[in-house]
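See structure below.
Chains as they are written, first to last, in this note's numbering: chain X, 23 to 147; chain E, 2 to 415.
Structural data, given as structure tokens:
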């Protein structure tokens, strides 16, 4: 019984020590990680930019029909602030029209076209 | 006449095979009815009182299934020997026997940790690394209860499994118990999950008792922003550090951090979603039902179950107190900048424990928002209890031999 008690006591002390030791080491490691903090955002932006460029390069072939189609899409009355939403909608439309996936092309630009018909036909639409 | 005889015989055979007949036959155990009643109470707690329903509901139903006599859905006797015949389990086992292998071989708890990792935001901990110490202090209950359980006559291995309830971490408790004291698994799992559900009742009185009004109303400084790069490096670094010091904690901490890396790295969103939703849910069902199924009358209706339930509560209270007391130390050393209430969140029940800190803090000062500050010790508690589990396993497990014998058996099967 005495032996068990001594064993249990030593495990208790040792266990607490190990838990504290490991977590204290982790604490210092985490403190050290702060060094990575300031650079981080810049790096993120770089990654995103690179990705854009890569996808543009891979989209080379498809870029031509995409431009043709976008040129037909009328964007009358859409607020410029909703750019990303608008581009999402446009790419979905193009993907459907070309029967492909939206990652196969990149929308480089879009332009609002003047209406072709008369004021009457616009109203009818 | 033959026809009548045949019919009577058929009826008798059928009646003999009904559950009711089996219960009251020589081989039956009327205590199964008591277990069915307990299962129904647990179902009530899970559904009406919403005590950890995601786990308690499957656990309770597993208990119900396993205690229906004659159903043969789970054979506890397959797993009672230290030397399990895995061939027999595969050939003769019912559904739950096969699923139980995931518990027995320690597969489910790490997979649950994968999901928890993918769901957990370690940002508050990275922003305030000192809060990790509270996660360590809240393991006090684990070791003190271990000591208490040994004094009460449990074997050292059983005491390890009972103590780990104080870590307030279900999967960790299951992981340790299945290695060190498999026969206590149902009692420990049910105690651990019930107390996790009772955190909002258990913790506040202890927190209030140990702190002064002034300490409770401390408003902490806002946490700094954590960059994406730090979030990505964090899981990798933690795995390396913990792995080098306590290799036995790697299955738990490693999968926890893998899940977190999935979440933070931003390039495997699909894996992250699967880990935190589908995979987690599937494993929760398997784990809950099979752990419940191990609660048969013979193993559950014993004095040790009652002792475990009491000791589990003690473990929980001491862990809470350990965290709060260390919070007070940090309050002193920081010149009153740390609110000791966040210490109680060092027990790892995420995010309930942190919510309790928030709630108790707001009772003193309604404009005080401690939640994010408490999340730091809270997630540190997960790492802390996994390390504590690793310590126990390193000291008392003969798993290397066990693993070797399992491999040998699998080869013998072929």
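Built from N, CA and C at the ideal position, the CB exists for glycine as well.
Fill in: Span of the alpha helix (DSSP H), counted from its first residue to its last, around residue 273/E
Indexing the second chain from 1 puts residue 273/E at position 272. First-last of the alpha helix (DSSP H) with residue 273/E: 270-275.
Fill in: Proximity to residue 17/E [Cα-Cα], best of 374/E, 71/E, 85/E
As a working mapping, residue 17/E is identified with position 16 in the second chain. For the residues 374/E, 71/E, 85/E, the minimum Cα distance to residue 17/E belongs to 71/E.
Practice prompt. Could you confirm whether any beta carbon from chain X is found closer than 8 Å to the beta carbon of residue 237/E?
Written response: The residue you call residue 237/E lines up with position 236 of the second chain. Judged by the 8 Å Cβ criterion, residue 237/E is not in contact with chain X.
Practice prompt. Give, in chain order, every unbroken run of the alpha helix (DSSP H) that is at least 4 residues long and sits entirely within the region 34-96 of chain E.
Written response: 54-67, 87-93
Worksheet item: What is the rounded straight-line gap between the Cα of residue 134/E and the Cα of residue 42/X?
Response: In the second chain, counting from the first residue as 1, residue 134/E sits at position 133. In the first chain, counting from the first residue as 1, residue 42/X sits at position 20. So the two alpha carbons sit approximately 7 Å from each other.
Worksheet item: In chain X, which residues lie less than 9 Å from residue 148/E when you measure between Cβ atoms?
Response: The residue given as residue 148/E occupies position 147 in the second chain. Neighbours of residue 148/E on chain X, chain order: 27, 30, 31, 33, 34.
Discussion item. If the criterion is Cβ atoms closer than 8 Å, does the pair residue 159/E and residue 182/E meet it?
Written reply: Indexing the second chain from 1 puts residue 159/E at position 158. Indexing the second chain from 1 puts residue 182/E at position 181. It is a contact, given that the beta carbons lie within the stated cut-off.
Worksheet entry | Proximity of residue 388/E and residue 40/X at Cβ, strictly below 8 Å | Numbered from its first residue, the second chain carries residue 388/E at position 387. Numbered from its first residue, the first chain carries residue 40/X at position 18. The answer is yes: Cβ separation under 8 Å.
Worksheet item: Are the region 108-124 of chain E and the region 337-347 of chain E touching by the rule of at least three beta carbon pairs closer than 8 Å?
Response: no
Worksheet entry | Candidates 96/E, 370/E, 131/E, 6/E, of which the one nearest residue 290/E by Cα | Locating residue 290/E in the second chain gives position 289, counting from the first residue. Among 96/E, 370/E, 131/E, 6/E, the Cα nearest to that of residue 290/E belongs to 96/E.
Worksheet item: So, helix, strand or coil for residue 213/E, using DSSP?
Response: The residue labelled residue 213/E in the question sits at position 212 within the second chain. Residue 213/E falls in the coil class under three-state DSSP.
Worksheet item: Is it the case that the Cβ atoms of residue 40/E and residue 294/E are separated by a distance below 8 Å?
Response: In the second chain, the residue the question calls residue 40/E occupies position 39. In the second chain, the residue the question calls residue 294/E occupies position 293. Taking 8 Å as the Cβ cut-off, residue 40/E and residue 294/E do not qualify as a contacting pair.
Item to complete: Check the Cβ of residue 396/E against every Cβ in chain X and list those closer than 9 Å, keeping chain order.
Response: Locating residue 396/E in the second chain gives position 395, counting from the first residue. Going along chain X in sequence order, the residues near residue 396/E (Cβ under 9 Å) are 33, 36, 37.
Item to complete: Taking residue 106/E as the reference, give the member of 180/E, 131/E, 51/E, 240/E with the closest Cα.
Response: Counting from one through the second chain, the residue named residue 106/E turns up at place 105. Of the listed residues, the one whose Cα sits closest to residue 106/E is 180/E.
Practice prompt. Following the continuous alpha helix (DSSP H) through residue 264/E, name the residue where it begins and the one where it ends.
Written response: Locating residue 264/E in the second chain gives position 263, counting from the first residue. Per DSSP, residue 264/E belongs to the alpha helix (DSSP H) from 251-266.
Item to complete: Might you give, ordered along the chain, the residues of its own chain that have their beta carbon closer than 8 Å to the beta carbon of residue 92/X, omitting 5 neighbours on each side?
Response: Within the first chain, the letter at position 70 stands for residue 92/X. The pLDDT assigned to residue 92/X is 45, lower than 50, so where the model puts this residue is not dependable, and the model offers no usable value.
Practice prompt. Select from the region 123-137 of chain E all residues with a C-beta closer than 8 Å to any C-beta belonging to chain X, and list them in chain order.
Written response: 126, 127, 130, 131, 133, 134, 136, 137
Item to complete: Would you mind giving the Cβ-Cβ distance between residue 211/E and residue 322/E, rounded to the nearest angstrom? I have them listed as a contact below 8 Å.
Response: Along the second chain, one-based indexing puts residue 211/E at 210. Along the second chain, one-based indexing puts residue 322/E at 321. That pair is a contact at about 6 Å.
Worksheet item: Closest Cβ-Cβ distance between residue 351/E and chain X: below 8 Å?
Response: On the second chain, position 350 is the one that residue 351/E refers to. Closer than 8 Å: no.
Worksheet entry | CA-to-CA distance, residue 110/X to residue 98/X, given in whole angstroms | Against the first chain, residue 98/X aligns to sequence position 76. Against the first chain, residue 110/X aligns to sequence position 88. In this prediction, residue 98/X scores a pLDDT of 45, lower than 50, which makes its location untrustworthy; the coordinate-derived value is nonetheless stated afterwards. Each residue's alpha carbon lies about 16 Å from the other.
Worksheet entry | Length of the line joining the Cα atoms of residue 261/E and residue 228/E | What you label residue 261/E is simply residue 260 of the second chain in a count that begins at 1. What you label residue 228/E is simply residue 227 of the second chain in a count that begins at 1. Spanning the two alpha carbons is a distance of roughly 15 Å.
Discussion item. To be precise: take each residue of the region 326-344 of chain E, compare its Cβ to all Cβ atoms of chain X, and keep it if any distance is under 9 Å. Which residues remain?
Written reply: none
Worksheet item: Beta-carbon separation of residue 162/E and residue 381/E under 8 Å?
Response: Reading the second chain from its first residue, position 161 is the one you call residue 162/E. Reading the second chain from its first residue, position 380 is the one you call residue 381/E. Against a cut-off of 8 Å, the Cβ pair of residue 381/E and residue 162/E comes out as no contact.
Fill in: Segments assigned alpha helix (DSSP H), at least 4 residues, entirely inside the region 4-28 of chain E
20-25
Item to complete: Please compile the residues from chain X whose C-beta is within a distance smaller than 7 Å of the C-beta of residue 234/E.
Response: Taking the first residue of the second chain as position 1, residue 234/E is located at position 233. Correct list: 55, 58.
Worksheet item: Quick one: Cα of residue 286/E to Cα of residue 199/E, how far?
Response: If you number the second chain from 1, residue 286/E lands on position 285. If you number the second chain from 1, residue 199/E lands on position 198. Approximately 21 Å, taken between the alpha carbons.
Practice prompt. With a floor of 4 residues, list each alpha helix (DSSP H) that falls wholly inside the region 96-125 of chain E, ordered by position along the chain.
Written response: 96-105, 109-120
Discussion item. Counting only beta-carbon separations shorter than 8 Å, does residue 98/X have a partner in chain E?
Written reply: Start at 1 with the first residue of the first chain, and residue 98/X comes out as number 76. Legend: pLDDT at residue 98/X = 45, less than 50; position of this residue unreliable, value from coordinates given subsequently. Chain E, which has no Cβ nearer than 8 Å to the Cβ of residue 98/X, makes this no.
Worksheet item: Can you list, in chain order, the stretches of the alpha helix (DSSP H) that have 4 or more residues and sit fully within the region 182-248 of chain E?
Response: 186-198, 200-211, 214-217, 229-246
Worksheet item: In this structure, does DSSP put residue 125/X in helix, strand or coil?
Response: Along the first chain, read from residue 1 onward, the residue named residue 125/X stands at position 103. Helix.
Discussion item. Residue 166/E and residue 189/E - do their beta-carbons sit closer together than 8 Å?
Written reply: For this step, residue 189/E is matched to residue 188 along the second chain. For this step, residue 166/E is matched to residue 165 along the second chain. Closer than 8 Å, so yes.
Discussion item. Please tell me whether residue 42/X has its Cβ less than 8 Å away from any Cβ of chain E.
Written reply: Taking the first chain and counting its residues from 1, one reaches residue 42/X at position 20. At least one chain E Cβ lies under 8 Å of residue 42/X.
Fill in: Candidates 43/E, 69/E, 238/E, 253/E: closest to residue 394/E by CA position
Along the second chain, one-based indexing puts residue 394/E at 393. Looking at the Cα atoms, 253/E is the closest of the given residues.
Discussion item. Taking 8 Å as the threshold (beta carbon to beta carbon), is residue 144/E in contact with chain X?
Written reply: Here residue 144/E corresponds to residue number 143 of the second chain, with the count starting at 1. Taking Cβ atoms only, chain X reaches closer than 8 Å to residue 144/E, which makes this a yes.
Discussion item. Buried or exposed for residue 118/E, going by 16 or more other Cβ atoms inside 10 Å?
Written reply: Along the second chain, read from residue 1 onward, the residue named residue 118/E stands at position 117. That one is buried.
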